[in-house]
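Residue 20 is where the sequence shown starts when you use the working numbering, and the numbers rise one by one after that.
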Amino acid sequence: MPEAPRIDIADLTGTEAVDQVFLLGNIEVRQKKNGEPFLNLELVDRSGRMQAKVWDGAEMTQRKIRTGDYVRVRGQVKIYNKRLDMAIATIITVDEKSVDKGVFVPRTKKDPVQLAAAWKEIVAGVKNDWLKRLLRTFVEDEQWFAKFCESPAAVRLHHACIGGLLEHVVTLARAALAIAPLYPGLDKDLLVTGIFLHDVGKVRELSSDRVFAYTDEGRLVGHIAIGSQMLEEVVAGIEGFPEELRLRLQHMILAHHGQLEYGSPVKPMTLEAVALHYLDNLDAKIFAFGKAIEESTVGDAENWTEYNKMFDGYLWKGPSATGEAQQ
Numbered sequence: 020m021p022e023a024p025r026i027d028i029a030d031l032t033g034t035e036a037v038d039q040v041f042l043l044g045n046i047e048v049r050q051k052k053n054g055e056p057f058l059n060l061e062l063v064d065r066s067g068r069m070q071a072k073v074w075d076g077a078e079m080t081q082r083k084i085r086t087g088d089y090v091r092v093r094g095q096v097k098i099y100n101k102r103l104d105m106a107i108a109t110i111i112t113v114d115e116k117s118v119d120k121g122v123f124v125p126r127t128k129k130d131p132v133q134l135a136a137a138w139k140e141i142v143a144g145v146k147n148d149w150l151k152r153l154l155r156t157f158v159e160d161e162q163w164f165a166k167f168c169e170s171p172a173a174v175r176l177h178h179a180c181i182g183g184l185l186e187h188v189v190t191l192a193r194a195a196l197a198i199a200p201l202y203p204g205l206d207k208d209l210l211v212t213g214i215f216l217h218d219v220g221k222v223r224e225l226s227s228d229r230v231f232a233y234t235d236e237g238r239l240v241g242h243i244a245i246g247s248q249m250l251e252e253v254v255a256g257i258e259g260f261p262e263e264l265r266l267r268l269q270h271m272i273l274a275h276h277g278q279l280e281y282g283s284p285v286k287p288m289t290l291e292a293v294a295l296h297y298l299d300n301l302d303a304k305i306f307a308f309g310k311a312i313e314e315s316t317v318g319d320a321e322n323w324t325e326y327n328k329m330f331d332g333y334l335w336k337g338p339s340a341t342g343e344a345q346q
């Protein structure tokens with residue numbers, strides 16, 4: 020008998036009996052009301068993620084699996100607290116050589132070749148010679164730029180997909196170029212360069228091998244400090260690079276989270292740093308909003324998603340009021 024076609028997590032309705040392969044994300048040991056352990060697992064594919072439970076034999080199962088494994092899972096999917104959940108009957112690891120990895124790793128929905136070309140075109144439009152040389156140093160390092168183009172922008176919150184960092188940067192740069200004529204005091208070239216640099220440290224902060232995760236350097240140092248260091252290294256190779264320009268760029272990297280409690284060591288204190296912070300936050304929030312709608316397991320007949328932790332509330336997913344919303 021031929022094997023049943025695989026169902027992406029995003030297409031599950033909460034009524035299926037499944038027997039298929041997933042990528043294993045987080046593994047948590049929790050306790051039942053009677054004190055016995057059970058496993059709360061995160062199952063991942065290219066379309067999303069879901070929770071799953073191993074109610075019996077938790078300790079034995081935990082010894083046989085680890086985050087990043089490809090696992091064949093048999094179980095019953097249901098809706099619990101308005102979210103997909105699965106009661107696992109069996110779970111076994113499978114050889115990664117037998118797996119089509121493209122099924123399990125999310126990728127940007129944008130054309131990656133077009134995104135890379137768009138960024139190179141934006142760089143070509145930078146008029147300040149120092150900033151153009153700086154940007155070209157990154158882009159013309161083919162091995163490094165290829166890694167940049169494949170990097171996610173986050174582990175899970177926004178643009179958490181292969182190519183997500185490039186998509187985020189191109190979107191921000193296009194937004195900056197669109198608003199720059201409205202604000203004559205805004206240095207367009209400086210803002211575009213800061214947009215590229217603000218998350219450049221994520222190339223080293225995050226690993227995209229199977230499950231998106233933090234590297235040791237990412238956890239110990241973080242992308243803000245890594246990005247500042249990368250700027251220093253590149254500027255050191257450009258003889259005569261203006262110190263004032265270096266300081267402005269470094270400030271944009273350090274201040275882009277906006278608040279000290281969000282990880283920035285300083286608050287934005289230049290017009291370009293302020294603009295970068297709010298554009299960055301806007302793009303992250305809009306992307307995350309769309310992802311929440313896309314991954315919602317609430318029926319299409321309902322107008323609201325389940326509770327969303329990032330937005331601290333429920334999100335409208337009903338029809339547009341004017342019919343003009345773009346898909």
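Note that CB positions come from ideal geometry on N, CA and C, so glycine has one too.
Please read all numbers here as calculations on a predicted model, not as lab measurements.
Item                                                                                                                                                                              : Value
Any chance you could list the alpha helix (DSSP H) runs of at least 4 consecutive residues sitting entirely within the segment 62 to 104, in chain order?                         : 77 to 83
Should S117 go down as buried or exposed, given a rule of 16 or more other Cβ atoms within 10 Å for buried?                                                                       : exposed
Please specify which runs of the alpha helix (DSSP H), each continuous and at least 4 residues long, are wholly inside the segment 105 to 190, giving them in chain order.        : 131 to 143, 148 to 158, 161 to 169
Going by beta-carbon coordinates alone, are H217 and I272 separated by less than 8 Å?                                                                                             : yes
Considering only DSSP beta bridges, list what R49 is partnered with.                                                                                                              : F57
Threshold first: 4 residues or longer. Then list the alpha helix (DSSP H) segments lying entirely within the segment 226 to 293, N to C.                                          : 235 to 239, 242 to 255, 262 to 274
For A255 and V37, I'd like the C-alpha separation in whole angstroms.                                                                                                             : 56 Å
Under a three-way DSSP split, which group does A340 fall into?                                                                                                                    : coil
Kindly list the residues whose CB is nearer than 6 Å to the CB of S226, restricted to its own chain and excluding five residues on each side of it in sequence; keep chain order. : A232, T234
Do L134 and L185 have their C-beta atoms closer together than 8 Å?                                                                                                                : yes
Just confirm the distance between the C-beta atoms of R68 and L62, as a whole number of angstroms; I'd bet it's less than 8 Å.                                                    : 7 Å
For the pair the segment 23 to 30 and the segment 84 to 95, tell me if three or more CB-CB distances fall below 8 Å.                                                              : no
Can you tell me where the alpha helix (DSSP H) holding E325 begins and where it ends?                                                                                             : From DSSP, E325 is part of no alpha helix (DSSP H); its letter is neither H nor E.
Rounded to the nearest angstrom, how far is the Cβ of L298 from that of A195, given a contact under 8 Å?                                                                          : 6 Å
Determine whether the beta carbon atoms of T109 and I84 lie at a separation below 8 Å.                                                                                            : no
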